[in-house]
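Here is the structure we will look at, set down as structure tokens.
Numbering (this note's numbering), first residue to last: 544 to 674.
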């Protein structure tokens, strides 16, 4: 119910969608520690809470996992909203096109967690929502 409303009503002249990928996945160990990494990043984003909504998840198993997420950001650039977190340089942000069906599906999968997506063949382990 919420996602169809979002796509019909979101103003993409004022907001933009972004894919987030952790740059150092090869250094990740236990999945619970990786989930804590996301939680810590979200805590450091507190100053930008009114400018960002999104979710990030851990996919895979211990010593073989990745971090990926999707975010709605006020404005057309991600960095001004995310640079309040000192570890922002550990993440790569890719702008998504809300008119592209693949990008739209990616956002829906990242936010809804009800489809069995497996990026790079890795199953969902844990996730957090930043709101």
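Even glycine gets a Cβ: it sits at the ideal position worked out from N, Cα and C.
query                                                                                                                                                                                                       : result
How many whole angstroms separate the CB atoms of residue 546 and residue 651, which I take to be in contact at a CB cut-off of 8 angstroms?                                                                : 6 angstroms
Starting from the C-beta of residue 564, find all residues in its chain whose C-beta is less than 6 angstroms away, skip the five residues before and the five after it, and write them out in chain order. : 611, 635
Decide if residue 550 is buried, meaning its Cβ has at least 16 other Cβ atoms within 10 Å, or exposed.                                                                                                     : exposed
Does DSSP put residue 688 in a helix, in a strand, or in coil?                                                                                                                                              : This structure does not reach residue 688, given that the chain is present from 544 up to 674, and the question cannot be answered.
Under a three-way DSSP split, which group does residue 585 fall into?                                                                                                                                       : helix
Considering only the alpha carbon of each residue, which of 660, 643, 624 lies closest to residue 588?                                                                                                      : 624
What do you reckon, are the CB atoms on residue 568 and residue 608 nearer than 8 angstroms?                                                                                                                : yes
To the nearest angstrom, how far is the alpha carbon of residue 647 from that of residue 640?                                                                                                               : 8 angstroms
Please classify residue 598 as buried or exposed, where buried requires at least 16 other C-beta atoms within 10 Å of its C-beta.                                                                           : buried
From residue 627 to residue 642, what does the alpha carbon distance come to, in whole angstroms?                                                                                                           : 29 angstroms
Where residue 566 and residue 574 are concerned, what is the direct C-alpha to C-alpha distance, given to the nearest angstrom?                                                                             : 16 angstroms
Taking DSSP as the reference, what is the three-state secondary structure of residue 670?                                                                                                                   : strand
Where DSSP assigns a beta bridge to residue 563, which residues make up the other side?                                                                                                                     : 612, 636
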